[in-house]
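J.: Have a look at this one before I ask anything.
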Ligand SMILES: Nc1ncnc2c1ncn2[C@@H]1O[C@H](COP(=O)(O)OP(=O)(O)O)[C@@H](O)[C@H]1O
Ligand SMILES: [Mg+2]
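Chains as they are written, first to last, in the working numbering: chain D, 1 to 234; chain E, 1 to 234.
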């Protein structure tokens, strides 16, 4: 279904332009990191890509094949888990993807295993720790074997140890062949997980580069300031 | 004050003596109100969910209507059901006027709006939290409605108890469609009204005490169960 192509995508709310004419192409195999200060529009851009928001102008286009939301998954900044066991959260997602009933349990258990949550399978998802909840959200995204996985600041609320665990799961999912598109404002994480960077500031795509190029030779003043940590966080 | 003392004694005597008339009245009251609540929940919960997550024409008028009908006067509901069920009415052939079935019907009509309107609010609040995640998982509105019904089950228990409170406390509707026939359609509230008008205040008060105790016991046990289960599920 890739590439994903954004054609002059614009998003306005009440006359305010939150995303401003963004053109971009996302291809298979690379891990794309969307960087930018708070309020730059990263989360809104992800939602536009995923189809949760509709552009006011421009278009989000997918390549050949099934472009429905069924081939995509998204992990939100704050995981939203259902008030049922960790395992049942996964079987619920699998049922929505029309996975045959007899396969669901095995696939759900396998996915829990890959994120190290096998031991809490029967525990209610709502009583898990923040890090466990985020890993469960990742397991749910992974269980449905999406072609593209969007992640919105997946470690924003986690301590360093939990962040590392989440990062390693993201790496696994990438290696299993899923296209990763994630936002972060953590530069270290961008370096560890990114192949390419889209740098967003005030709703505009200011810069796009390979990860090393971006950090070595940022070409925009906004990116230079952001890397130096000078850009105001508003 | 003396009145209360005497009624307390009468109440105690009635209860401990397992007075068979009293037991019959209490049993019928419970049967009518619990049946009405069960039917109203079967109708009101899906209706509330549909009004919360559905996008259909007439949704807003429906919500306004449900909210307004929360305060339906029981006597008016009783009168309308009476007219429908009376021999000349459109449902006259059922022949259920002055039977417990008619009382159940009237109370159901009375509390469907309460359960629907309150559950609509609960589920709409949950939809704000879950909506994007469920859409991302590929869950359509109908499926999401049922998912949210299950996920808000602890809050909905409170909604159902509100309906039960209303049903067991009302007198106007069951009086009109039941007729307060001794041994057939006499429930606690209608008996209280009757005994008060006959001047048997101790008996009326005694029944009042029994009624309040029952409602309290039902609510307390539901609350305790809810607390215990909720602690496990978060
Ligand atoms: N649904 C919305 N309605 C109105 N404004 C919004 C909405 N979502 C985001 N915004 C605004 O859009 C801007 C970009 O938000 P966001 O994408 O969340 O930024 P980021 O994720 O880069 O921190 C912010 O100014 C935010 O207030
Ligand atoms: Mg954000």
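The C-beta atom is built at its ideal place from N, Cα and C for all residues, glycine as well.
1. Cβ atoms of residue 204 of chain D and residue 240 of chain D: under 8 Å apart, would you say?
2. Would you tell me roughly how many angstroms separate the C-alpha atoms of residue 103 of chain E and residue 177 of chain E, rounded to the nearest one?
3. Please indicate yes or no: does the CB of residue 206 of chain D lie closer than 7 Å to some heavy atom of ligand 1?
4. Shortest alpha-carbon distance to residue 70 of chain D belongs to which of D:123, D:149 and D:26?
5. Nearest chain D C-beta to residue 136 of chain E closer than 8 Å, yes or no?
6. Would DSSP call residue 234 of chain D helix, strand or coil?
7. What beta strand (DSSP E) runs, 3 residues minimum, are completely inside the stretch 18–95 of chain D?
8. Give a yes or no on whether 8 Å exceeds the smallest Cβ distance from residue 121 of chain D to chain E.
9. So residue 196 of chain D is in the beta strand (DSSP E); what residue range does that whole segment cover?
10. Where does residue 87 of chain E fall in DSSP's three states?
11. Kindly say whether residue 18 of chain D, judged by its beta-carbon, lies nearer than 8 Å to any beta-carbon of chain E.
12. If the cut is a Cβ gap below 7 Å, which residues of chain E does residue 148 of chain D touch?
13. Can you check whether the C-beta of residue 202 of chain D is within less than 8 Å of a C-beta belonging to chain E?
14. Is the beta carbon of residue 152 of chain D within less than 7 Å of some heavy atom of ligand 4?
15. Given 8 Å as the limit, is there contact between the stretch 177–186 of chain E and the stretch 145–162 of chain E, that is, 3 or more CB pairs closer than that?
16. Any heavy atom of ligand 2 within a distance shorter than 7 Å of the CB on residue 32 of chain D?
17. Tell me, please, whether the CB atom of residue 82 of chain D is closer than 8 Å to any CB atom in chain E?
18. Below 7 Å CB to CB, which residues in the same chain sit around residue 35 of chain E once its five sequence neighbours on both sides are set aside?
19. Which residues in chain D have a C-beta closer than 8 Å to the C-beta of residue 151 of chain E? List them in chain order.
20. Using 10 angstroms around the beta-carbon of residue 93 of chain E, count the other beta-carbons present and answer buried if the total reaches 16, otherwise exposed.
21. What separation, rounded to the nearest whole angstrom, lies between the Cα atoms of residue 117 of chain E and residue 169 of chain D?
T.: Let me lay it out:
1. Any property of residue 240 of chain D remains undetermined from this structure, which presents chain D solely from 1 to 234.
2. Cα to Cα, residue 103 of chain E sits roughly 6 Å from residue 177 of chain E.
3. No, the beta carbon of residue 206 of chain D sits no closer than 7 Å to any heavy atom of ligand 1.
4. Closest option to residue 70 of chain D, Cα to Cα, is D:149.
5. Yes, contact with chain D.
6. Its pLDDT being 44, under 50, residue 234 of chain D is placed unreliably by the model, and the measurement read from it follows with that caveat. In the three-state reduction of the DSSP assignment, residue 234 of chain D falls in the coil class, being assigned neither a helical nor a strand state.
7. You should have 31–35, 57–62 and 72–75.
8. Cβ-Cβ to chain E under 8 Å: no for residue 121 of chain D.
9. Counting along the chain, residue 196 of chain D sits inside the beta strand (DSSP E) bounded by residues 196–201.
10. In the structure shown, the three-state DSSP call for residue 87 of chain E is coil.
11. For residue 18 of chain D, not one C-beta of chain E is nearer than 8 Å to its own C-beta.
12. Near residue 148 of chain D there are no residues of chain E at all, since even the closest Cβ is about 12 Å away, more than 7 Å.
13. No, residue 202 of chain D does not count as interfacial toward chain E.
14. This structure does not include ligand 4; its bound ligands are ligand 1 and ligand 2.
15. With the cut-off at 8 Å, the stretch 177–186 of chain E and the stretch 145–162 of chain E do not touch.
16. Look at residue 32 of chain D: its beta carbon is at least 7 Å from all of the heavy atoms in ligand 2.
17. Yes, residue 82 of chain D lies at the interface with chain E (some Cβ there is under 8 Å from its Cβ).
18. These residues qualify, in order along the chain: 104.
19. Correct list: 82, 83 and 84.
20. It is exposed - the Cβ of residue 93 of chain E has fewer than 16 other Cβ atoms within 10 Å.
21. Using only the alpha carbons, I get a separation of about 43 Å.
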